[in-house]
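Enquirer: Count along the sequence shown starting at 1, add 757, and that's the number in the numbering used here.
Ideal Cβ positions, reconstructed from N, Cα and C, are used throughout, including at glycine.
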Amino acid sequence: MIARREKPLWRRFLSQWQVQLMIFPALVFILVFNYFPMYGVLMAFQDYSLFKGFFGSPWAGFKHFEMFFNSPDFYRVIRNTIVISLLKLVINFPAPILLALMLNEVRNMAFKKIIQTISYLPHFLSWVIVSGFTISILSVDNGSLNISLQALGLIDKPINFLSLPEYFWGIIVTTNLWKEIGFATIVYLAAIAGVNPSLYEAASIDGASKFKQIFLITLPSITPVIVIFLILNIGSLLNAGFDDLLLLGRSAMLRDVAEVIDTYAYRIGIINNRFSYAAAVGLFKAIISVGLLTMANYLARRAGTSLW
């Protein structure tokens, strides 16, 4: 049998010109907003001046990286970033999977849709609104949480939750969980919907309980989706958050536990006008993130599922 010769790339491109034309606007968008601004990383290696620009500012080499590594803020910022990211990964990553598994077992479709709608609506609220809700709930004067705890006799006087460092990480993780759990669940529900129903029928005939069906059929079937999202989460391990930490961690008393790489770069670069130093901090984070993503993908590929 004679093997068919593959068409040259340009012929395949011309034969699909309608599809390629549809992709073109998205490609231009990515180039303009994601790739062209990357020349800005030059600031990390310069003593950048707004008046001299990229081509007139003197080169500084790795000076700003050394300043960041030797800064007294380095340990605190890295610690907060890693701890908050790990807490979000350990708690907020499996939560949507668990919710999706529970919703999949609900047979009342009306109730199921109501729960889905209620759970994913917070995703569409901005962090400004969510932080306003959180501050109101945790308020010392009229906060519903303090009122409830006092009514139950659990505390004698109101607690200023948003000024005490020991409560901050729990507040951030819980707020993120409430905001994002429903939207992330949609992906897992879609993956579960693709599982062959005959597998469940065969398992029921064999006497498998619902829990056994979940662990032996549902979870193995959606494992590729779980692994892909886990790789992406590990790759963004240094993205501990920005809006939530900036809005809820405004108190000076919380800086030791609330300041992460992104908020630190914002404070140093935008507020203090140290653009080169902030660019070095951001580039350091990007390089580590790429390394984490590559490592996670390599380990996942050895296990049988990967992004590339």
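Taking just the CA atoms, how far does S1033 sit from A857?
Expert: 45 angstroms
Enquirer: For Q803, which residues does DSSP report across the bridge?
Expert: W816
Enquirer: Whole angstroms are fine: how far does the CA of V785 sit from the CA of I839?
Expert: 34 angstroms
Enquirer: Who are the near neighbours of N979 in its chain, counting only those whose CB is closer than 7 angstroms to its CB and skipping five residues on each side?
Expert: For clarity, residue 979 is Ile in the given sequence; the question names Asn instead. So the list reads Y945, A948 and I949, once near-sequence residues are dropped.
Enquirer: Contact defined as beta carbons within less than 8 angstroms: I believe A1060 pairs with I988. What is the distance between those atoms, to the nearest angstrom?
Expert: Contact flag wrong, Cβ pair sits at about 11 angstroms.
Enquirer: Rounded to the nearest angstrom, what separates N865 and F831 at their Cα positions?
Expert: 52 angstroms
Enquirer: Could you tell me whether the segment 1023-1041 touches the segment 910-927, where touching means 3 or more Cβ pairs closer than 8 angstroms?
Expert: no
Enquirer: In three-state terms, what does DSSP make of L1049?
Expert: Helix.
Enquirer: Secondary structure at P782, three-state DSSP: helix, strand or coil?
Expert: In the three-state reduction of the DSSP assignment, P782 falls in the helix class, which pools H, G and I.
Enquirer: Go ahead and pull the three-state DSSP assignment for E958.
Expert: helix
Enquirer: Can you grab the Cα-Cα spacing for the pair F1041 / Q907, in whole Å?
Expert: Here the alpha carbons of Q907 and F1041 stand approximately 46 angstroms from one another.
Enquirer: Would you give the residue range spanned by the alpha helix (DSSP H) that L871 belongs to?
Expert: At residue 871 the sequence reads Ile, which differs from the Leu that was named. Looking at the DSSP string, the run of the alpha helix (DSSP H) that includes I871 is M866 to Y877.
Enquirer: Does the segment 934-944 touch the segment 866-880, meaning 3 or more C-beta pairs lie closer than 8 angstroms?
Expert: Yes, the segment 866-880 is in contact with the segment 934-944.
Enquirer: Can you tell which of L902, P851, N837 and I991 has its C-alpha closest to the C-alpha of P922?
Expert: Checked all of L902, P851, N837 and I991; the closest Cα to P922 is N837.
Enquirer: Please name the residue in M795, G1006 and P977 whose C-alpha comes closest to that of I892.
Expert: G1006
Enquirer: By how many angstroms is the C-alpha of N990 removed from the C-alpha of L846?
Expert: 7 angstroms
Enquirer: Please determine, among M824, I886, M1052 and G1039, the residue with the shortest C-alpha to C-alpha distance to V798.
Expert: G1039
Enquirer: Check whether the segment 925-933 and the segment 993-1002 are in contact - that is, three or more C-beta pairs closer than 8 angstroms.
Expert: yes
Enquirer: Among T1020, F802 and F972, which one has its Cα closest to the Cα of M859?
Expert: Taking only the C-alpha atoms, the option nearest M859 is F972.
Enquirer: Indicate whether L995 and S1046 have their beta-carbon atoms separated by less than 8 angstroms.
Expert: Yes, the Cβ-Cβ distance between L995 and S1046 is below 8 angstroms.
Enquirer: Hey, A817 and Q803: beta-carbon distance below 8 angstroms or not?
Expert: yes
Enquirer: CB-CB under 8 angstroms to A960, same chain, minus the five flanking residues each way: which ones, in chain order?
Expert: K969, Q970, L973 and I974
Enquirer: To the nearest angstrom, how far is it from the Cα of I1044 to the Cα of A1037?
Expert: 11 angstroms
Enquirer: Keeping to the same chain, check which residues put their C-beta closer than 8 angstroms to that of D1062; ignore five residues upstream and five downstream.
Expert: What sits at residue 1062 in the sequence shown is Thr, not Asp. Here the set comprises T980, P981, V984 and I985.
Enquirer: At 4 residues or longer, what runs of the alpha helix (DSSP H) sit wholly inside the segment 871-950?
Expert: The segment 871-950 contains these whole alpha helix (DSSP H) runs: 884-894, 901-908 and 922-950.
Enquirer: Out of K967, H821, N903 and M779, which has the shortest C-alpha to C-alpha gap to N861?
Expert: K967
Enquirer: Could you pull out every residue in the same chain whose Cβ sits closer than 6 angstroms to the Cβ of Y805, ignoring the five residues on either side in sequence?
Expert: S814, F1032 and S1033
Enquirer: Excluding five sequence neighbours on each side, which residues of the same chain lie with their C-beta closer than 7 angstroms to the C-beta of W884?
Expert: D1000, D1001 and L1004
Enquirer: Would you tell me roughly how many angstroms separate the C-alpha atoms of K869 and Y792, rounded to the nearest one?
Expert: Rounded to whole angstroms, the separation of the alpha carbons of Y792 and K869 is 42 angstroms.
Enquirer: State the DSSP-derived secondary structure class of T975, mapped to helix, strand or coil.
Expert: helix
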